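Per my numbering, residue 5 is the first one in the sequence shown, and the count goes up by one each step.
Each residue gets a CB set at the ideal place from its N, CA and C atoms; glycine is no exception.
Just so it is clear, the structure is predicted and the values come from calculations on it, not from any experiment.
First the structure, in the form of structure tokens, and then the observations on it.
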Amino acid sequence: MRTGARALVESGGNLDQVAGGDGSSPMVIAIANGHYTVAKYLLDAGADPNLANVDGLAPIYATINMRFAPVSWAPNPRTDQEEIDAVQLLAALLDAGADPNARVARRLWFSPTSHNRLWINPAGATPFWRAAQASDVESMRLLLAAGADPDLATFDGTTPLMVSAGIGWRGNFSQTAPDSWMTAVHFLMEIGADVTAVDTNGYTALHGAAALGNDEMVEFLVARGAAVDAINEAGNSPADMAFGPSRCFIPKPDTADLLVGLGSSFQNNCRSDQCVDGKFFGGAVTTPR
Numbered sequence: 005m006r007t008g009a010r011a012l013v014e015s016g017g018n019l020d021q022v023a024g025g026d027g028s029s030p031m032v033i034a035i036a037n038g039h040y041t042v043a044k045y046l047l048d049a050g051a052d053p054n055l056a057n058v059d060g061l062a063p064i065y066a067t068i069n070m071r072f073a074p075v076s077w078a079p080n081p082r083t084d085q086e087e088i089d090a091v092q093l094l095a096a097l098l099d100a101g102a103d104p105n106a107r108v109a110r111r112l113w114f115s116p117t118s119h120n121r122l123w124i125n126p127a128g129a130t131p132f133w134r135a136a137q138a139s140d141v142e143s144m145r146l147l148l149a150a151g152a153d154p155d156l157a158t159f160d161g162t163t164p165l166m167v168s169a170g171i172g173w174r175g176n177f178s179q180t181a182p183d184s185w186m187t188a189v190h191f192l193m194e195i196g197a198d199v200t201a202v203d204t205n206g207y208t209a210l211h212g213a214a215a216l217g218n219d220e221m222v223e224f225l226v227a228r229g230a231a232v233d234a235i236n237e238a239g240n241s242p243a244d245m246a247f248g249p250s251r252c253f254i255p256k257p258d259t260a261d262l263l264v265g266l267g268s269s270f271q272n273n274c275r276s277d278q279c280v281d282g283k284f285f286g287g288a289v290t291t292p293r
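Below you can see the structure in the form of structure tokens.
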């Protein structure tokens, strides 16, 4: 335990004195820096578990966000020397009355470890949504037991199932629980997630699975009613998503072939930086023009 936090509490300092910039509370700041033990100490001393900053970032969302924090250009905060881990802190926050359905108000200027280059807007996301994004089934179960609504989407309509399936995923920055993709998707389907849901940009969960190149997930979602012919606002089908719809996507030709075979339309319109040589695709039927 850091002596500064103890001195603050013992001297009668205001545990909920927010920062002058974004209005973050001492507890949120502690969590964002990986100081779970300090956050728990502040909570036990009476800090408000629901005090959010101007972006709507409350301690519970910050905790979920830190557990599998986005990769940063700078070293991520270390949490291995803390007396408690993120799941224990999450449980303590819920026991103290933290709202499991509290939503962030807009895209956070602050991501606990800097660069999380999502291609979706997380405004309106709940802690459950963020746990789904990280395929963090352990946290999702805790939140669900505490009253979390598993169907709450972002303001753009992006559901927990969509992000669990890969919508918004950026391979060099995003992180998930190890070996958890299918476990998380199975869990969400078991509790009634809508596999046919469409967000305001036209994305479905199947678009996410296609972008990941996860053939097992593609087949699982299609078998449960996912629409292979869904076209998003950019004009991309699931097969198009697998083929590299923008320069930063890595093409997944085998997944594109699978989706074409399942009935997905295909425009052969790879825009990825890796579409310069047809040999890259190893003879797949979706070899670029």
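Simplified DSSP state of residue i, which is helix, strand or coil
i: Gly170; result: coil
i: Asp261; result: helix
i: Ala95; result: helix
i: Phe159; result: coil
i: Ser118; result: At Ser118, the pLDDT of 44 sits below 50, so the modelled position is not reliable; the number obtained from the coordinates is stated separately. Ser118 falls in the coil class under three-state DSSP.
i: Leu1; result: Because the chain spans 5 through 293 in this model, residue 1 falls outside it and cannot be assessed.
i: Gln85; result: coil
i: Asn69; result: helix
i: Asp255; result: Here the sequence assigns Pro to residue 255, which means Asp is not the residue at that position. Three-state result, Pro255: coil.
Buried or exposed (CB count within 10 angstroms, at least 16 for buried), residue i
i: Thr187; result: exposed
i: His190; result: exposed
i: Asp140; result: buried
i: Asn18; result: exposed
i: Thr200; result: exposed
i: Gly267; result: exposed
i: Gln21; result: exposed
i: Asp124; result: Correcting the residue type first, residue 124 is Ile in the shown sequence and not Asp. Classification for Ile124: buried.
i: Thr83; result: buried
i: Ser15; result: exposed
i: Thr67; result: buried
Cβ-based neighbour list, residue i, same chain, cut-off 6 Å, excluding 5 preceding and 5 following
i: Ala260; result: Ala243, Ala246, Phe247, Thr290
i: Pro116; result: Here the model assigns Pro116 a pLDDT of 41, short of 50, so the residue's position is not dependable, and the following value carries that caveat. So the list reads Ala36, Asn69, Met70, Ala73, once near-sequence residues are dropped.
Same chain, Cβ closer than 8 Å to residue i, five either side skipped, listed in chain order
i: Asp198; result: Asp155, Thr163, Leu165
i: Asp219; result: Asp258, Thr259, Leu262
Cβ-Cβ separation, residue j to residue i (assumed contact under 8 Å), whole Å
i: Leu94; j: Leu146; result: 6 Å
i: Ala231; j: Thr208; result: 6 Å
i: Ala109; j: Ala127; result: 7 Å
Same chain only: Cβ atoms within 7 Å of residue i, ignoring 5 sequence neighbours per side
i: Leu216; result: Gly170, Trp173
i: Asn236; result: Asn205, Gly206, Tyr207, His211
Kindly confirm or deny that the segment 17 to 37 and the segment 50 to 62 touch, where touching means at least three C-beta pairs closer than 8 Å.
-> Counting Cβ pairs under 8 Å, three or more are found: they touch.
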